[in-house]
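S.K.: Read left to right, the sequence shown gives residues -21 to -1, 1 to 712 (mature numbering (1 follows the signal peptide of the UniProt record, and there is no 0)).
So that we are looking at the same thing, I have put the structure below in structure tokens.
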Amino acid sequence: MKLFRILLPFLFVCTSLFAQKKNEAYQYHIRQTIPTDRTPHIKIDGVMDEQAWLEAETATDFFMVLPMDTSFAKLRTDVKMTYDQQNFYIIAVCYYARKPDSSWADRPFVQSLRRDWEFQKNDNFIFFMDPFDDQTNGFTFGTNAVGAQWDGLLYEGGRANLSWDNKWYSAVKNYEDRYVFEAAIPFKSIRYKKGITRWGINFSRNDLLTTEKSSWAPVPRQFPTASLAYTGSILWDQAPPQVGPNISVIPYVLGGLSRNYQTDKPTAYRGDAGVDAKVAITSSLNLDLTVNPDFSQVDVDQQVTNLDRFELFFPERRQFFLENGDQLSNFGYANIRPFFSRRIGLGVPIRFGARLSGKLNKDWRIGLMDMQTGKVDETGLPAQNFAVVALQRRVFSRSNIGAIFINKESLNYEPELGKPTYSKYNRNFGLEYNLASSNNVWTGKAILLKSFDPANSNRSLVHAANLLYTTRKWIVGWQHEYVGQNYSAEVGYVPRRGYVRFNPTASYLMFPKGGSVLSHGPQLSSAYIYNESFRQTDNETMALYTTTFRSRSVLSFWASQSYIRLLAPFDPTNTGRDTLARGTEHRWKTIGADYISKPQSLFTYSVSARYGGYYAEGTRLNLVTALGYRFQPYVSLALTANYNEIRLPEPLTTAKFWLVGPRIDLTMTNNLFFTTFVQYNEQARNVNLNTRLQWRYAPVSDLFIVYTDNYLPGSLSVKNRALVLKLTYWWNV
């Protein structure tokens, strides 16, 4: 608590030093277009032939962000915007680079036609909207150079959640010397406050042939172009229209079959239906409802080799939990999350749920969620209710203060003999301060959490804080954490308890003039972990040197020193073999290297290697590679491989295991996708096959066919398999 009280005034002082928006001078005056015989409706076709475009203002003269941010962009990009009573319209003309022989480039570089592609591997144009001009939350839309869409939610000042999908329309047309992106964003698809006539906006262009990334309003190279601290402004000629009733209903029907060959049970057949609904309470406040949801169409998690002593984290992918989900799921830190939505519906049916989220005004933001799950008789798990309330208040230019309350409750629950025992309730209350200076140089967070449950009340506090200073050359950070031994977040992700952690970091970049190297420099970081009696249990110190080339390839070398005192018996191979005793101490040194190839090549690859000591004075060799080849834009091939060789002294056992994952993506059109993903996990003794066909037959309306197999390695005998067919439709009432 003392550290929290000391740091909080410092964060307030840092914030007050920077109060004015950085790119105030970059303004775009947008005017309404009214369709007439002379100015017909804008047709989304990638052709700039409507009168409205000729009359609209032009945003041009982009600034280079990468490789350096000290000049105008070499590639020309022109952007125009307008609107009518239903849609916001944007068109961007993106000129190609000339080859040395003065001819135009043959084609754009893209990954595929699949939506939400990787930014670094595509020629693309995207833009960032901040409807409240609060430089904290917003929306991003765009496409790559062959028209594959990108859309997402922006949170924490510029981080993007691309799992979010909504209804909008776009087209890209390629010419010899340019490509043209044109889009219509329905006002019903975004959230904004009535009467606000000034929004934040910025445009970003990525070109792989020249390795140039640029933006309309200048952004320092150390920040992503999505940084809302550096947006310019849209000045509306009148308040954006209120769209009236805004209700969307998204029903689904599902059929499937599955069989477990290990239990030799007959094939199980399944038929189901459910519905989601979105109701705009106001243009900035949305009510989401769901009845009997199903998430069988969600991409399978990518498996990882697990050599950790603590639970691994896998991100949320289910659509219902995503819009404005940052206010709930990002409360806290990566390893201290009081709320983690994947805890809801884990192996149990979700009966229904509701969530109210959005902006009350420019300064206040609210999130309310209530979910009800069904009981599971086989394990004695009762029906449970999950309720979350979050409130956030903006302070200064871009910082905010937030509070959260989480309640998980078992309904009408009495423990049953011979079955697991579950808690009757678990509650968490938290406060959070998020620092973000107006120029993004200073960022930080301070949190205080307290849990409540029938078993424990003492030592159930959490407090943590961090502060990060970021400039073009320097990144200096500090973070500390305290998690009490009895802190409990049953709806959260807190893999470790009963510790105090200190984590200083520092890095420095140098920029040579000319040559193939863009930047290079060292980074130092340490993590010191103690128990609640301040006896050291862990330490890792790492020195890293990174070189970034002008081609965007990256080479790193590193060395580390580790110390661990085991707090519980542990199998260092996580294969169910030998166990090291609690209280034993282990020290080792490791060296490693990583290389990522230039993204503009059709064949891309990355290689990572590490070698050094391990538990019990053993050694560990780890080799990782990721290979990719694209027959653009229709076929993308990828292969990941991870090899571990762990040698331990007798009587412990040496272990060698592979994790291999080939993947084939076929994108036949912008709306028809087929993916096959195989994962051979020798450590988990499993081979997983997942194939998914997705046909987007209408905006945000899909047909999914998903087939899954699990096999035993070696014999490849089938463990279980399933086939699911699901149809969804987005219906605007």
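Yeah, the Cβ is synthetic: ideal placement off N, Cα and C, and Gly gets one too.
Could you check the C-alpha separation between Phe42 and Ser308 for me, to the nearest Å?
M.R.: Using only the alpha carbons, I get a separation of about 34 Å.
S.K.: When the Cα atoms are used, what is the spatial distance from Ile643 to Val614?
M.R.: Between Ile643 and Val614, the C-alpha separation is close to 7 Å.
S.K.: Am I right that Gly136 and Thr122 are in contact with their C-beta atoms under 8 Å? What's the rounded C-beta distance?
M.R.: Wrong, their Cβ atoms sit about 24 Å apart, outside the cutoff.
S.K.: Can you check DSSP and say which residues form a bridge with Val258?
M.R.: Per DSSP, Ile226 and Leu266.
S.K.: Alpha carbon to alpha carbon, how far is His565 from Thr284?
M.R.: Each residue's Cα considered, the two are about 21 Å apart.
S.K.: Expressed to the nearest angstrom, what Euclidean distance is found between the alpha-carbon atoms of Val679 and Gly179?
M.R.: Cα to Cα, Val679 sits roughly 26 Å from Gly179.
S.K.: Run the CB neighbour count on Val151, radius 10 Å, all protein chains shown included, and call it buried at 16 or more, exposed below.
M.R.: Val151 is buried by the Cβ-count criterion.
S.K.: Decide if Phe293 is buried, meaning its Cβ has at least 16 other Cβ atoms within 10 Å, or exposed.
M.R.: Exposed: under 16 other Cβ atoms inside 10 Å.
S.K.: Apart from the five residues just before and just after residue 716, which ones in its own chain have a Cβ nearer than 7 Å to its Cβ?
M.R.: Given a span of -21 to 712 for the chain in the structure shown, any question on residue 716 remains unanswerable.
S.K.: When burial is assigned at 16 or more other CB atoms within 10 Å of the CB, is Phe(-4) buried or exposed?
M.R.: Because Phe(-4) carries a pLDDT of 47, less than 50, the predicted location of this residue cannot be relied on, and the following value inherits that uncertainty. Buried, by the Cβ-count rule.
S.K.: Just confirm the distance between the C-beta atoms of Val462 and Arg475, as a whole number of angstroms; I'd bet it's less than 8 Å.
M.R.: With 8 Å as the limit, Val462 and Arg475 qualify as a contact, their Cβ atoms being about 7 Å apart.
S.K.: Since I believe Tyr690 is in contact with Val712 (beta carbons under 8 Å), could you give me their beta-carbon distance rounded to a whole number of angstroms?
M.R.: Actually they do not touch by this definition, with Cβ atoms about 46 Å apart.
S.K.: Among Ala362, Asp156 and Asn225, whose alpha-carbon lies nearest the alpha-carbon of Leu325?
M.R.: Checked all of Ala362, Asp156 and Asn225; the closest Cα to Leu325 is Ala362.
S.K.: Assuming Lys172 and Lys341 make a contact with CB atoms under 8 Å, what is their CB distance in whole Å?
M.R.: The pair is a contact, with the Cβ atoms about 7 Å apart (cut-off 8 Å).
S.K.: Pull up the CB-CB distance for Lys1 and Ser417, whole angstroms please, since I reckon it's below 8 Å.
M.R.: With a Cβ gap of about 6 Å, Lys1 and Ser417 count as contacting.
S.K.: Do the region 531 to 551 and the region 508 to 523 make contact, defined as three or more Cβ pairs closer than 8 Å?
M.R.: Verdict: yes, contact present.
S.K.: Around the C-beta of Phe656, are 16 or more other C-beta atoms found within 10 angstroms, so that it is buried, or is it exposed?
M.R.: Buried.
S.K.: Between Ser580 and Gly332, what straight-line distance do the alpha-carbon atoms span, to the nearest angstrom?
M.R.: Those two C-alpha atoms are separated by around 46 Å.
S.K.: Where do the N-terminal and C-terminal ends of the alpha helix (DSSP H) with Glu34 fall, by residue?
M.R.: Run containing Glu34: Gln30 to Glu34, per the alpha helix (DSSP H) assignment.
S.K.: Using 8 Å as the cut-off, can you tell me whether the region 215 to 232 makes contact with the region 189 to 197, which would need three or more C-beta pairs spanning the two stretches below that distance?
M.R.: Judged by Cβ distances under 8 Å, the region 215 to 232 makes no contact with the region 189 to 197, as fewer than three pairs qualify.
S.K.: Let's see if you can read the secondary structure: which residues bound the alpha helix (DSSP H) around residue 713?
M.R.: With the chain covering only -21 through 712, there is no way to say anything about residue 713.
S.K.: Near Lys100, which residues of its chain fall below 6 Å by C-beta distance, leaving aside the five closest residues on each side in sequence?
M.R.: Cβ neighbours of Lys100 beyond the five flanking positions: Gln90 and Pro578.
S.K.: Taking the continuous beta strand (DSSP E) assigned at Lys172, which residues delimit it?
M.R.: That residue, Lys172, is in no beta strand (DSSP E); it is neither H nor E in DSSP.
S.K.: Helix, strand or coil for Ser486 per DSSP?
M.R.: Three-state result, Ser486: strand.
S.K.: Taking all protein chains shown into account, do 16 or more other C-beta atoms lie within 10 angstroms of the C-beta of Thr245, making it buried, or fewer, making it exposed?
M.R.: Per the sequence shown, residue 245 should be read as Pro rather than Thr. Flag for Pro245 reads exposed.
S.K.: Where Gly62 and Pro165 are concerned, what is the direct C-alpha to C-alpha distance, given to the nearest angstrom?
M.R.: A small correction: the amino acid at residue 62 is Tyr; Gly does not occupy that position in the sequence shown. Going from the Cα of Tyr62 to the Cα of Pro165 covers about 10 Å.
S.K.: Who are the Cβ neighbours of Ala506 in its own chain at under 6 Å, not counting the five residues just before and after it?
M.R.: So the qualifying residues of the chain are Asn482 and Glu519.
S.K.: Kindly provide the ranges of any beta strand (DSSP E) runs that are 3 or more residues long and lie completely inside the region 655 to 686, ordered along the chain.
M.R.: Correct list: 665 to 677.
S.K.: Could you have a look at Leu207 and say whether DSSP puts it in helix, strand or coil?
M.R.: If DSSP states are grouped into helix, strand and coil, Leu207 belongs with the helices.
S.K.: Provide the residue(s) that pair with Val639 in DSSP beta bridges, ordered along the chain.
M.R.: Paired residues: Ala620 and Tyr659.
S.K.: Could you tell me if Met350 is buried or exposed, where buried requires 16 or more neighbouring beta carbons within 10 angstroms of its beta carbon?
M.R.: That one is buried.
S.K.: Suppose only complete runs of 3+ residues qualify. What are the beta strand (DSSP E) ranges in the region 513 to 578, listed by chain order?
M.R.: Listed in chain order, they are 515 to 528, 533 to 544 and 564 to 575.
S.K.: I need the DSSP call for Ser237, collapsed to helix, strand or coil.
M.R.: Of the three classes helix, strand and coil, the one that applies to Ser237 here is strand, per DSSP.
S.K.: If you follow the beta strand (DSSP E) that Ser587 is in, where does it begin and where does it stop?
M.R.: Phe582 to Tyr593 is the extent of the beta strand (DSSP E) around Ser587.
S.K.: Taking C-alpha atoms, which residue in Tyr686, Gln658 and Thr400 lies nearest to Leu695?
M.R.: Checked all of Tyr686, Gln658 and Thr400; the closest Cα to Leu695 is Gln658.
S.K.: To the nearest angstrom, how far is it from the Cα of Ile9 to the Cα of Ile213?
M.R.: The straight-line gap from Cα to Cα measures roughly 7 Å.
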